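Everything below concerns the one structure shown next.
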Amino acid sequence: MERAPRPGGLEVAAFFGLLGALLLGNAVVPTWLRAHHFGFSNYDLGIYSQALARLAIDPPNPWLSGRQIHLFNDHVDPILFLVAPFTWRWPAVEVALVAEALFALLALVPLAWLAREGRLSRTAWWLLGALLVLDVGVTQGLTFPAHPTTWAMAPLALLLAALLLERWRVALLALVLLLACKEEFPFVGLALVPYAWKRAPRWVAWSFGSLSAVWGILALAVRPWLLGPVESEHAATPFRGLEQGLGAFLALRFAPHQLAAMGNLLAAFLPLAVCLAWKRWRGERAPDGAGWLFLALAPLLGIRFLSMAWQAHYAAVVVAGGVLGLAALLGTRPVPRWVAAATVVLLIAGNEPFLRRTARVLGGQHGWGGSADCPDAPGRVDAVARAIERVRAAPGPLLVSGNLLPWLAERGDVVAYGGEPEGFDPSTVLLEAPTCGDTWGQPTPAREAAWRAAHERTARAVLADDAFVYAATFAR
85 MERAPRPGGL
95 EVAAFFGLLG
105 ALLLGNAVVP
115 TWLRAHHFGF
125 SNYDLGIYSQ
135 ALARLAIDPP
145 NPWLSGRQIH
155 LFNDHVDPIL
165 FLVAPFTWRW
175 PAVEVALVAE
185 ALFALLALVP
195 LAWLAREGRL
205 SRTAWWLLGA
215 LLVLDVGVTQ
225 GLTFPAHPTT
235 WAMAPLALLL
245 AALLLERWRV
255 ALLALVLLLA
265 CKEEFPFVGL
275 ALVPYAWKRA
285 PRWVAWSFGS
295 LSAVWGILAL
305 AVRPWLLGPV
315 ESEHAATPFR
325 GLEQGLGAFL
335 ALRFAPHQLA
345 AMGNLLAAFL
355 PLAVCLAWKR
365 WRGERAPDGA
375 GWLFLALAPL
385 LGIRFLSMAW
395 QAHYAAVVVA
405 GGVLGLAALL
415 GTRPVPRWVA
425 AATVVLLIAG
435 NEPFLRRTAR
445 VLGGQHGWGG
455 SADCPDAPGR
465 VDAVARAIER
475 VRAAPGPLLV
485 SGNLLPWLAE
495 RGDVVAYGGE
505 PEGFDPSTVL
515 LEAPTCGDTW
525 GQPTPAREAA
535 WRAAHERTAR
545 AVLADDAFVY
555 AATFAR
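Offset between the sequence shown (1-based) and our numbering: plus 84.
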């Protein structure tokens, strides 16, 4: 097999340094700053911050008061067990943010592994690395923290690289990590069985098939029997529209906004796809069997098509799979300059909304926690942070604005406004003044009514009351 020149240690360090800096500057650091300015909803930063915190305190299937569900009655993501112990030392919300960034950065390691083994040309290696950190799908995932589906970038990239390099035991380890990220990934393992059957020893193919099948049965069939019904509101989404007939079902999935989201996710791959098609037309063949790796993408794309989920945490893992699939097809062949230039232009264009938001913050138009409804005025962050500390040990249960729940995730009795169970009577409230206070879909008039009602209720002790936040305890 033809080998490309292998990069030296300095070039590998430059690869991680430059692309890591781009990932941090474009997505990770703005996300962390926004999180520390209370700019994210309970969905999903609060949910998974509380999942990590409660999993470390009350395993194996803790109650998430912020989601009003037991953890594994929603998704099957036991990879959380690897991260949860860090909440014994640091706040769960910080652990969730750092873990997500680390998994994204670790997705670069398989590309470096391929390059060091001489399986990628220099131009392909660097361009695919840029795709992996700057594709809008990755940016969307990292700017919508935090979710193990985004974390799956690293295991999937490692799995596909190990298969290319015929490191079968590493591939099986990566498959186990991938299966632990969410209940959709057994379908990826099953989809890769034909590749393993064609390229690997039979025991690898049998291991892939049996591991994936057993895990899928446990997650989708045995779990409801052991833990009770799956309570996710997303479970019925893949079938939405069927009750009105096939035409309505397809119309939902081919709606213009769905096609736009799909195109936005995949646009930066277009120059490389055109280049590979041109090379194929001219008679250049890809490495033998390389195209079979794209089978890993089939279930991911199918699930997103059925679920109409092309953005946020659904997107990043698709990018990782696409990048490693292209690595298999490119092999040691160089990438033409026009392909690299066109890809870079598309990457910049895809990230324009995120760059524009960062520019507005740096230009002083609003703070890091700002949004269309919330200017994040000076003094807001300090006022909210003081109020959070004052209610941290207040009597429960607590009712809080959804964007504040991540910072109280260690408590097992905190509920986000808009997600209260029937008859809920809080002992403590912590509400941010409208129009700030991201509460996931609650209209401004409803938040204003809740703000007024909290002030009108007779408080046992007022913990904070200013233009930004209200916190009080009540007699029960």
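Backbone N, C-alpha and C define an ideal beta-carbon position, used for all residues, glycine too. Computed from a predicted model, the values in this text were never measured in an experiment.
Relative to the C-alpha of residue i, which residue among the options is closest?
{"i": "residue 167", "options": "239, 175, 154, 179", "result": "179"}
{"i": "residue 403", "options": "358, 271, 213, 298", "result": "213"}
{"i": "residue 503", "options": "123, 141, 153, 140", "result": "153"}
{"i": "residue 595", "options": "346, 211, 382", "result": "It is not possible to answer for residue 595, since the shown part of the chain is limited to 85 through 560."}
{"i": "residue 256", "options": "241, 547, 512", "result": "241"}
{"i": "residue 290", "options": "252, 234, 395", "result": "252"}
{"i": "residue 509", "options": "484, 164, 308", "result": "484"}
{"i": "residue 295", "options": "547, 269, 99", "result": "269"}
{"i": "residue 185", "options": "169, 105, 155, 139", "result": "105"}
{"i": "residue 88", "options": "115, 506, 198, 129", "result": "198"}
{"i": "residue 235", "options": "399, 489, 519", "result": "399"}
{"i": "residue 445", "options": "90, 113, 100, 86", "result": "113"}
{"i": "residue 86", "options": "124, 129, 202, 110", "result": "202"}
{"i": "residue 376", "options": "424, 284, 335", "result": "284"}
{"i": "residue 488", "options": "118, 379, 109, 108", "result": "118"}
{"i": "residue 386", "options": "526, 533, 456, 275", "result": "275"}
{"i": "residue 125", "options": "491, 346, 176, 107", "result": "491"}
{"i": "residue 531", "options": "109, 457, 366", "result": "457"}
{"i": "residue 108", "options": "442, 518, 501, 486", "result": "442"}
{"i": "residue 177", "options": "200, 211, 127", "result": "127"}
{"i": "residue 309", "options": "462, 537, 157", "result": "157"}
{"i": "residue 379", "options": "200, 247, 99", "result": "247"}
{"i": "residue 286", "options": "335, 433, 250", "result": "250"}
{"i": "residue 155", "options": "311, 319, 273", "result": "311"}
{"i": "residue 272", "options": "396, 401, 254", "result": "401"}
{"i": "residue 522", "options": "91, 101, 318, 129", "result": "129"}
Give every residue of the same chain whose Cβ lies closer than 6 Å to the Cβ of residue i, excluding the five residues on either side of it in the sequence, and list them in chain order.
{"i": "residue 454", "result": "460"}
{"i": "residue 415", "result": "371"}
{"i": "residue 553", "result": "467, 468, 471, 516"}
{"i": "residue 264", "result": "162, 163"}
{"i": "residue 239", "result": "258, 261, 262"}
{"i": "residue 183", "result": "167"}
{"i": "residue 544", "result": "557, 558, 559"}
{"i": "residue 300", "result": "270"}
{"i": "residue 227", "result": "111, 115"}
{"i": "residue 316", "result": "158"}
{"i": "residue 336", "result": "325"}
{"i": "residue 338", "result": "none"}
Can you check DSSP and say which residues form a bridge with residue i?
{"i": "residue 570", "result": "The structure shown does not extend to residue 570, since the chain spans only 85 to 560, so no value can be given for it."}
{"i": "residue 272", "result": "Partner(s): none; residue 272 has no beta bridge."}
{"i": "residue 483", "result": "499, 513"}
{"i": "residue 549", "result": "554"}
Cβ atoms of residue j and residue i: under 9 Å apart, would you say?
{"i": "residue 512", "j": "residue 469", "result": "no"}
{"i": "residue 321", "j": "residue 237", "result": "no"}
{"i": "residue 352", "j": "residue 431", "result": "yes"}
{"i": "residue 225", "j": "residue 188", "result": "yes"}
{"i": "residue 356", "j": "residue 394", "result": "no"}
{"i": "residue 195", "j": "residue 170", "result": "no"}
{"i": "residue 482", "j": "residue 474", "result": "no"}
{"i": "residue 190", "j": "residue 229", "result": "no"}
{"i": "residue 358", "j": "residue 314", "result": "no"}
{"i": "residue 68", "j": "residue 405", "result": "Since the first residue of the chain shown is 85 and the last is 560, residue 68 is not available in this structure."}
{"i": "residue 134", "j": "residue 428", "result": "no"}
{"i": "residue 426", "j": "residue 360", "result": "no"}
{"i": "residue 210", "j": "residue 99", "result": "yes"}
{"i": "residue 282", "j": "residue 347", "result": "no"}
{"i": "residue 486", "j": "residue 449", "result": "no"}
{"i": "residue 548", "j": "residue 514", "result": "yes"}
Within the same chain, show all residues whose beta-carbon is closer than 7 Å to that of residue i, passing over the 5 residues directly before and after it, in chain order.
{"i": "residue 103", "result": "192, 213, 214, 217"}
{"i": "residue 267", "result": "159, 160, 303, 304"}
{"i": "residue 568", "result": "Examination of residue 568 is not possible in this model, given that the chain is present from 85 through 560 alone."}
{"i": "residue 280", "result": "288, 289, 292"}
{"i": "residue 131", "result": "148, 150, 151"}
{"i": "residue 539", "result": "554"}
{"i": "residue 232", "result": "161, 163, 164, 265, 266"}
{"i": "residue 519", "result": "457, 458, 528"}
Report all residues from its chain with a CB closer than 8 Å to the CB of residue i; omit the five preceding and five following residues, and keep chain order.
{"i": "residue 417", "result": "205, 208, 363, 368"}
{"i": "residue 172", "result": "140"}
Touching or not, the segment 217-231 and the segment 433-443, by the rule of three or more beta carbon pairs under 8 Å?
yes
Take every Cβ of the segment 128-145, pair it with every Cβ of the segment 86-100, and state whether three or more of those distances are shorter than 8 Å.
no
Tell me whether the segment 408-424 and the segment 322-331 touch, counting them as touching only if at least three CB pairs, one residue from each stretch, are closer than 8 Å.
no
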